[in-house]
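Just so it is clear: in the sequence shown, position 130 is 130 by UniProt numbering, and no numbers are missing.
Cβ coordinates follow ideal geometry from the N, Cα and C atoms, glycine included.
Note that the structure is predicted; figures quoted are calculated from it, not measured.
Just below is one structure, and these are the notes that go with it.
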Amino acid sequence: MSQKDNFTFRRAEKTDMKAVIEMIQELADFERMSDGPQLSEQDLIRDSGLDGGHEYCQIYVLTDNATNSSIGYAICFYSYSTWQGRSLFLEDLYVRPAHRGQGTGARIFREVAAIAVRLSCRRLDFHVLSWNPACEFYNRLGATNLTKSECWQFYRVEEQQLAKLAKELNS
């Protein structure tokens, strides 16, 4: 837990998940993907290991101590680079609109960077939509746009195709 300037950055608890779900939807609305999120509070509790199971992700919230409300969040998980070893992947970083432009996003990003350092990660990876103004924010914080510098492309295999591929293995 890190407390600074009347805000606390900490690991999310079960009671935070309602606010996290709301902010995930706010982020999806901003990204023009309103129907995208398909998670429940219980999914987040399970996947972050708060139910005693395996931890698939770490969820952090930044709370305003004066109002005890969540004003931003970050979700990250471990990944691995065959070139550099341990890595942390930042899935989401979100700040509610009323708190933008005040250094809040930079605070969360630096907190996640500190987590990566504590975990002996050699890098922090993340994706940003090309039209998102946050691209400039990440550039200012020293991130490298790998699409430009290394020509990496980002792919995904969705659930139905995953099942199809797995089924083909047995045929």
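Query: Cys76 beta carbon less than 7 angstroms from that of Gln58; Result: yes
Query: Check whether Asp47 and Tyr56 have beta carbons under 7 angstroms apart; Result: yes
Query: Nearest-angstrom Cβ-Cβ length linking Ala74 and Ile24, presumed shorter than 8 angstroms; Result: With a Cβ gap of about 12 angstroms, Ala74 and Ile24 do not count as contacting.
Query: Cα-Cα separation, Tyr155 to Gly105; Result: 27 angstroms
Query: Cβ-based burial, Thr63 [other Cβ within 10 Å; buried from 16]; Result: buried
Query: Residues near Ala116 in its chain [Cβ-Cβ closer than 6 angstroms; skip 5 each side]; Result: Leu88, Leu124
Query: Nearest neighbour of Tyr94, chosen from Ser171, Leu169, Glu31 [CA to CA]; Result: Glu31
Query: Where Asp5 falls: helix, strand or coil (DSSP); Result: coil
Query: Cβ-based neighbour list, Glu41, same chain, cut-off 7 angstroms, excluding 5 preceding and 5 following; Result: Met17, Lys18, Ile21
Query: Segment limits, alpha helix (DSSP H) that includes Val128; Result: No alpha helix (DSSP H) contains Val128, which DSSP labels as neither H nor E.
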